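Written out below as C-alpha cells is the structure these notes cover.
Number of protein chains: 2
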Amino acid sequence: MVNQVQRVDGSWQTCKSDSSGASNSGGESSKESSRCSTPLLDADRSDRLREKMRKRMESGDPWFSLEFFPPRTAGGAVNLISRFDRMGSGGPLFIDITWHPSGDPGSDKETSSMMIASTAVNYCGLESVLHLTCCNQSQEKITGYLAKAKQLGLKNIMALRGDPLGTDWEDEEEGFNYATDLVKHIRSEFDDYFDICVAGYPTGHPEAQSYEDDLKHLKEKVDAGADFIITQLFFRADTFLKFLRDCRAIGITCPILPGVFPIQGYQSLRQLVKLSKLEVPDEIMQVIEPIKDNDAAIRSYGIHQAVEMCRVLLDSGEVPGLHFYTLNREVATTEVLRQLGLWIEDPRRPLPWAVSANPKRKVEDVRPIFWASRPKSYIYRTQDWDDFPNGRWGNSSSPAFGELNDYYLFYLKSKSSKDALLKMWGEELTSEASVFEVFTSYITAQANRSGHKVMCLPWNDDALATETNLLKDELEKVNRRGVLTINSQPNINGKPSSDPIAGWGPAGGYVFQKAYLEFFTSSENVTALLKVLKKYEPRVNYHIVNVQGHNLTNAQDMQPNAVTWGIFPGREIVQPTVVDPVSFMYWKDEAFALWIEQWAKLYEDESPSRMIIKYIHDNYFLVNLVDNDFPLDSCLWQVLDDMFELLDAPPEPVGDGAVSE
Amino acid sequence: MVNQVQRVDGSWQTCKSDSSGASNSGGESSKESSRCSTPLLDADRSDRLREKMRKRMESGDPWFSLEFFPPRTAGGAVNLISRFDRMGSGGPLFIDITWHPSGDPGSDKETSSMMIASTAVNYCGLESVLHLTCCNQSQEKITGYLAKAKQLGLKNIMALRGDPLGTDWEDEEEGFNYATDLVKHIRSEFDDYFDICVAGYPTGHPEAQSYEDDLKHLKEKVDAGADFIITQLFFRADTFLKFLRDCRAIGITCPILPGVFPIQGYQSLRQLVKLSKLEVPDEIMQVIEPIKDNDAAIRSYGIHQAVEMCRVLLDSGEVPGLHFYTLNREVATTEVLRQLGLWIEDPRRPLPWAVSANPKRKVEDVRPIFWASRPKSYIYRTQDWDDFPNGRWGNSSSPAFGELNDYYLFYLKSKSSKDALLKMWGEELTSEASVFEVFTSYITAQANRSGHKVMCLPWNDDALATETNLLKDELEKVNRRGVLTINSQPNINGKPSSDPIAGWGPAGGYVFQKAYLEFFTSSENVTALLKVLKKYEPRVNYHIVNVQGHNLTNAQDMQPNAVTWGIFPGREIVQPTVVDPVSFMYWKDEAFALWIEQWAKLYEDESPSRMIIKYIHDNYFLVNLVDNDFPLDSCLWQVLDDMFELLDAPPEPVGDGAVSE
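Going down the list, the protein sequences come from chains A and B.
To convert, take the position in the first sequence, counting from 1, and add 437; that gives this note's numbering.
To convert, take the position in the second sequence, counting from 1, and add 437; that gives this note's numbering.
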C-alpha cells in the first residue's frame, strides 16, 4: 500500500486549530478536518451509514441488517434491548425500528419507536434507522419528530407514507401525500444530516396503478434524496432480481436491499401476507399446509427456504446486503445468518467496552473502570456531557455525572423478576455471612443453599465475564471471607490484540492491563487492610470510601491511573480504561444505592433480611486496588492474604484510628 | 501516605469544563483548576519558583543556584548556552542572569541579558531569574522590560537599584530611587505574575548609613512584595549566619540564600572585592598572597575554602540553598557542588527530551521524534504555537512550523568553527563514498582518513547518544553502504523507568519504544527498499520523501505513530515521542537544508566538493522506518539487509516505477 501524499506547503497549514480538543459534532462528515481532530481508532465510528455501505460494497463484503418493531410493555422493552445486545454481537450493519402512528411512536414512553431507536443507538451502540410515516401528519409534527431524533443522536430515517387511518383519507394540499414528500421535507429542513431509506415493492405497491407506475414513484423518491432502498418481503429470489434490474434500467443507482422474511409460523405468515397483500407461492404453501400445526417443522422449513433464497441473491453479485424482518425473534434469523456465514461468531471489539453509536460520542475512547459491568448506566449518567474524554481522561472536561433520581428507567432495572432475585439472593438472610454466600455462589456459578444458581448481582446483571473467570479461585476464596468483589481484571503484559479473551482494537497490536480489584468490605477489614497497604507503597494505589463519602486514598494529586491500554501499528497509544478518583465518588453513590434499591427493597420493611443489607450499606467500605507493576504477577491477592493474616493474628490492638472518624 | 479527600458533593462539580484542552496560560498558579487540566507528569513544571523552594524546604532537601553574566560576543553566547546545558544537568533550582545598563540588556541582541535569560528558559529548560536595575530608568522603560520578559516566558525578577551612572545622581521624584520602588512597581503593574528576589548585604550595603539601617531597607523590600533574598558574597560563614539571625529578628521570614563565591584567581578576587567594597579576611589573604601567581593552587584553595564554608552553612540547618557566583566558569563551582554532594550526577529525565521552562509549554508532553537531536530548533520553530500537544499529538492544533528564513540564530549554528568542520567532514570530497565515510567515522567515533575524529554532523551537534551506541555495529555497516543515518532508537519492551540509559519519568514505571531508523539514501536504494517493504506490511511503517516533497508512505489516514511511551504508578499513559506524517514534511525541509547550509557552503562555489553535497541534496531521499512489533527483535536491520541483497542480485529490472515521477 503506497499512498501519494500531497505537498505539505499551503494545504496542510490551512488546517487550523479549533482548540476545543473535541472534533465536530453531529453526523456531518469529518473528512475536511480529520487532521485536527484526534484520530479515531475505528473509522467505522465516524462514517455515516451510506459511507459504511459504500466501503463494504467496494471491498465486496456483504452485510445484513435487522428490523424490529417497538414492544407493547416495559417488560417487553427490557427483553428487546437484551435482544439488541445479543443480536448486535453478530455484527449487523444496522437495525431499524418500525413506526406505528397509533402507538404514540414519537413520545418519551419507554416503549415508543423513538425511545427504542434511541436506546439502540446510545446504549447498545447499534447503527439504527428510525421509520417515520407521514400521512395524516402536519409538517410541524414531522419536523418535531425529526428534530427530536437528531437531538437523540439518531442519524437515519426510513421515510414512509404509511397507511391512511380509516378510509376517508384524501390527498391534502398542505400535508404529505407520498413518501416522496417526506424525503423532500427531510432534505429541505435538515439538509444532508440524515441518511434516508425508502421502501421498494418488488411486485409493485398494492395501491399503485401498475408495476411500472410504482417503479416511477420509487425513482422519484430516490431523486428527492433517498440514499438506499429496502424492499418489501418476497418469496422468490427471481422476484427481487427482476425488480432490481428494472430499477437499474430506469436509472436508480443506489443500494437496493432485499427484505428477507424467514417463515416462522403459520399464523404469523398468514397475518403478514394479509397485511402486505402478498401472495404466497404455491410451492411454499404446498410444503406448509401439511405441517401448519407443527411450529418447529415450519420454522425449520422457513430457515431452509430463506437460506436457499439468500444464497441465490448473494450469488447474483448484485445484492450488497440482506435485510431481515425478524418479527422481534432471534432464533430463525440468527440461524439463517449463521448458515450463510454472515453472522460474526467472535466479533472484534474496537475498545474493551461497548461503544455508543451516538455521533456526539464518536471520539470517546476513555472511561472509568467502575462502570465496566454497567455501561448503560455510565452512558445514561454522562448523556448530557458536551464532549467526551478522548486520548486522556484528564483532558475530559466536566466530571459532573447525572443524578440518581431518574435512575430507575427500564433499561437500568435488573433483567430478572423479584421472584427470581429472591431465589438467587435469598428469601431470608440471617447474617452478613449469608450475603457472603450469595457473592460466593455468583463467583463459582454453583447453586446456593436453596438450590438456585446466582446468575447476577446488583452490580453485575450478567454472569461472570470470561476474563474474570481467570481469577475465579482467588475471588471465591476472598468472597467467602467477606471481601465482596464487584469488579476485577487480571494484569496483562502485552497480549496480541487478537487474543480471544483479552484482545481488542485493530490487528497487529498488543494490549496491556494493570490488575484491578474492587470490593465491599467491613470497616474491621479496612483497618487491617490500611496497615497492610503501607508495605505495598507505591506499587499499589487504593481508594477506600464509605457511604458517607469518608475517603482514604494514596492517589497522587487525584490523578487518574490508566489500567487498560493498547499499542497498535501506526497509531498513538489508546488507554480506554482509567481509575479516576473523582468519578469514583460518583460511582460509590451508585454502588451503595444498589444495595438498597435492588437488594434491601426485596424484603419487608424492618425485616431482618432488609436490616442486614441496610447494615452493610451503612457500615461497609467500597475499596478499589490497582497493582501498578503490570509485568509482575499481581500482588493484590497477597495484599488480601496479608490482611486476613493480620485479622487472624492473636488479639492485640491493630487499629490505628485511621478509619474511625 | 493517606490523604483525606473532601466530600464529592458540590465542590467537585464546580470544576467546570473549559473545553480548551489546554490549561490556563501564563505563570499563574493552576491550583484552582488542576482537576480540569491534564495532570502533569512532573509537578515541578507547573510550580512557580517560590513554590518549588517551599517544597524543598519542607522536605529538607537543600538546593543550589548559579549566577551568570551576559557574554560580550556572539561566540561567547554560544559557549555560555552550552555551559547552561552542561551545568543545567547538575540540577540547579534556578540560574540568574545579571543586568548591565550600559550593555543594552533589554534588547533583542543575542548577547543581551534579556535574550540570554530567554534562551535559558525556553531552550535550556532552566528556571531563570532575570536581574533588573532601576536607577536612572523611567517607569515606562521598566514596565517595557517587564512586559517583554513576561512575553518571553520569564517568571522571576531580581529587583536591584543598580549603581548610579556617573556621580551626579540624585533622588528623583518620579523615578526609582531604591529597589523597594522597583518591587512595588512590579507588584502594582504585574500583580503576582513574577516571583521577586532582592539583594541582601551581610555586612551592610556600602552606601547604607549603618548595618541596622540597611537591614531596615531590606525589610522594606520584602514587605513591598519580594519572595526571597540572595546575599552579596562574603568570606566567613559566621558573617552570613549573624546576618540571617538579624533578619529573622526584625521579622524577615522569607528564604535567604547565601551568595557563595569560590575564589578562582587572584586578579578576579581583587576586582570583585574592589567593586563590592568588601574586605578579604586576613586568614584568606595570608594563604593567597604567597601563591598569587599560581592559578591552579588558588583555584584549589578556593574550592576547599568554599566547601568548608558551605558545610558550616548547611550544617546550621538555617540555610535552605546555596547561591553561586560562577563568573561564567564551570570547574570550581561544579567541584564545590560535587564535594558537597549537591551536584546530581545522573539526573532523572522527566521526559525523553529536554523540556522547556516557558510556562506556556508546561503542559507539553508530546513531540515528533525527528527533532530528537535538534530540540532547540524544534522549540524555536514552534515558539508561536498557542498551545502544545499534551497527551496526544493528534490533539495538537496547528501543525504550522516556523519558517527556516530566521533560522541562523546563534543558538542554531554549529558549535564548531568552519576549520574544525572541514577537518571533520573533509577538506575535499571526491565522491558520494567520501560522504559515506564521514558518516561512518561519526558512528564509530574513529578518526577519519585525515586523522580527525568526526564529533558532529549537521543533524547531530553532539557525539552519538548513549542509547544510539547500542546500535553502533549495525549503524556502521549500513552507513558504509550509503544508508546515511541521522536518527535512530532501539526497541524497548518495558525497561524500568530508572534504567540509566533508556529510563525517564517518575520512579516505579516502565518505558517502551518502537525501533526507529531515519536516514538519507539514494533513489536506487529507495526503489529496492520499496520492493522489500512490501514483505513487512503492516509491521513496518515508512515515510520516504525527497527534497521536492515527493512522498511515499503506508501511514494509515496520516495518523501519528507513538514510538516512545511510559507506564507509571497512578498515572495516565505518557507518550512523549511520535512519528507524525505532517510534521515530517516540515522536518524534511530542515533536514535537507542542513546539507547545503552547514556542509556544502564550507566549500567554494562550483567546487567538486560542493557539487557532491548538492547532488546528494537534490537526489537522495529522506527515509524513516518504524518497527511496530516492539516486543520482538527489531526487523529494521533485516529490512536493510534484504534491500542490499536485492541490490546485489544479478542485474534484472528491479524498479517498479514507484519512485520515478
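Don't be surprised by glycine CBs; every beta carbon is placed ideally from N, CA and C.
The structure presented is a predicted model; accordingly, all values stated were derived computationally and were not measured.
Partners in chain B for residue i, counting only beta-carbon separations shorter than 9 Å
i, result
"Y947 (chain A)", "D1066, F1067, P1068"
"I1004 (chain A)", "F949, K951, A999, W1002, N1065, F1067"
"V1015 (chain A)", "E1009"
"P937 (chain A)", "Under the 9 Å cutoff, chain B gives no residues; its nearest Cβ is about 19 Å from P937 (chain A)."
Supposed contact pair residue j and residue i - C-beta distance, whole angstroms, cut 8 Å
i, j, result
"Q742 (chain B)", "S713 (chain B)", "Q742 (chain B) to S713 (chain B), Cβ: 17 Å. No contact."
"I594 (chain B)", "A584 (chain B)", "Going by Cβ atoms, the distance from I594 (chain B) to A584 (chain B) rounds to 12 Å, so no, they are not a contact pair."
"A514 (chain B)", "I553 (chain B)", "7 Å"
"V697 (chain B)", "I740 (chain B)", "Their Cβ separation, rounded to whole angstroms, is 11 Å, which puts V697 (chain B) and I740 (chain B) out of contact at 8 Å."
"M746 (chain A)", "A674 (chain A)", "5 Å"
"A686 (chain B)", "V635 (chain B)", "Not really, about 18 Å apart at Cβ, beyond 8 Å."
"H654 (chain B)", "P695 (chain B)", "The pair is not a contact, with the Cβ atoms about 19 Å apart (cut-off 8 Å)."
"T535 (chain A)", "S550 (chain A)", "7 Å"
Under 7 Å from the C-beta of residue i: neighbouring residues of chain B
i, result
"G931 (chain A)", "P1068"
Under the three-state DSSP convention, the category residue i falls into
i, result
"E465 (chain B)", "Per-residue confidence for E465 (chain B) stands at a pLDDT of 31, beneath the threshold of 50, marking its modelled position as unreliable; no derived number is given."
"H980 (chain A)", "strand"
"H741 (chain A)", "helix"
"D1085 (chain A)", "helix"
"M892 (chain B)", "coil"
"P826 (chain B)", "coil"
"R493 (chain B)", "helix"
"I700 (chain B)", "coil"
"C747 (chain A)", "helix"
"W790 (chain A)", "coil"
"E558 (chain B)", "The question names Glu, but residue 558 (chain B) is Val in the sequence shown. In this structure, V558 (chain B) counts as helix in the three-state DSSP scheme."
"W606 (chain B)", "Reliability of the predicted coordinates at W606 (chain B) is poor, the pLDDT of 44 falling under 50, and the value obtained from them is presented with this limitation in mind. The answer is coil: DSSP assigns W606 (chain B) none of H, G, I, E or B."
"D1079 (chain A)", "helix"
"S460 (chain B)", "Here S460 (chain B) scores only 32 on pLDDT, less than 50, and its place in the model is too uncertain to base an answer on."
"S471 (chain B)", "Only weak support exists for where S471 (chain B) lies, its pLDDT of 29 falling under 50; the value from the coordinates is given anyway. S471 (chain B): coil per DSSP, three-state reduction."
"C1131 (chain B)", "Residue 1131 (chain B) lies beyond the residue range present for chain B, which begins at 438 and ends at 1098; the question has no answer from this structure."
"Q1035 (chain B)", "helix"
"S565 (chain B)", "strand"
Chain-ordered chain B contacts of residue i [CB-CB under 8 Å]
i, result
"R804 (chain A)", "Correct list: empty, because the minimum Cβ distance to chain B is about 13 Å."
DSSP bridge partner residues for residue i (one or two, in chain order)
i, result
"K932 (chain A)", "A:V948"
"N924 (chain B)", "B:E955"
"E504 (chain A)", "A:D533, A:Y762"
"G1003 (chain A)", "A:V948, A:V1011"
"P805 (chain A)", "A:V1015"
"I667 (chain B)", "B:A636, B:L694"
Proximal chain A residues relative to residue i, where beta-carbon distance stays under 8 Å
i, result
"Q996 (chain B)", "P476, G1007, R1008, E1009"
Cutoff 8 Å: residue i Cβ touching any chain C Cβ
i, result
"V792 (chain A)", "Among the protein chains of the structure shown, namely A and B, there is no chain C."
Partners in chain A for residue i, counting only beta-carbon separations shorter than 7 Å
i, result
"N978 (chain B)", "P1006, G1007"
Neighbouring residues, chain A, relative to residue i (Cβ below 9 Å)
i, result
"P927 (chain B)", "Neighbours of P927 (chain B) on chain A: none; closest Cβ ~16 Å, over 9 Å."
Near the ligand MN: residue i beta-carbon under 7 Å from a heavy atom
i, result
"I633 (chain A)", "For the structure depicted, the ligand MN is absent and the ligand set is empty, with no information on it obtainable."
Would you call the segment 534 to 542 of chain A in contact with the segment 776 to 783 of chain A, where contact means no fewer than 3 C-beta pairs closer than 8 Å? no
The segment 1066 to 1082 of chain B contacting the segment 967 to 976 of chain B, beta-carbon criterion three pairs below 8 Å: The segment 1066 to 1082 of chain B is in contact with the segment 967 to 976 of chain B.
Are the segment 1047 to 1055 of chain B and the segment 908 to 916 of chain B touching, with three or more C-beta to C-beta distances below 8 Å? Because the criterion of three Cβ pairs below 8 Å is not met, the segment 1047 to 1055 of chain B and the segment 908 to 916 of chain B do not touch.
Do the segment 485 to 501 of chain A and the segment 517 to 533 of chain A touch if we need at least three Cβ pairs shorter than 8 Å? Result yes; three or more Cβ-Cβ pairs closer than 8 Å.
Touching by the beta-carbon criterion (3+ pairs, under 8 Å), the segment 1015 to 1022 of chain A and the segment 803 to 810 of chain A: yes
Quick check: the segment 925 to 945 of chain B against the segment 1037 to 1044 of chain B, are there 3 or more CB pairs under 8 Å? no
Quick check: the segment 851 to 868 of chain A against the segment 881 to 900 of chain A, are at least 3 beta-carbon pairs closer than 8 Å? Counting C-beta pairs with one atom in each stretch, the segment 881 to 900 of chain A and the segment 851 to 868 of chain A have three or more that are closer than 8 Å, which means they touch.
I'd like to know if the segment 820 to 834 of chain B and the segment 791 to 805 of chain B are in contact, where contact means that at least 3 CB-CB pairs between them fall below 8 Å. yes
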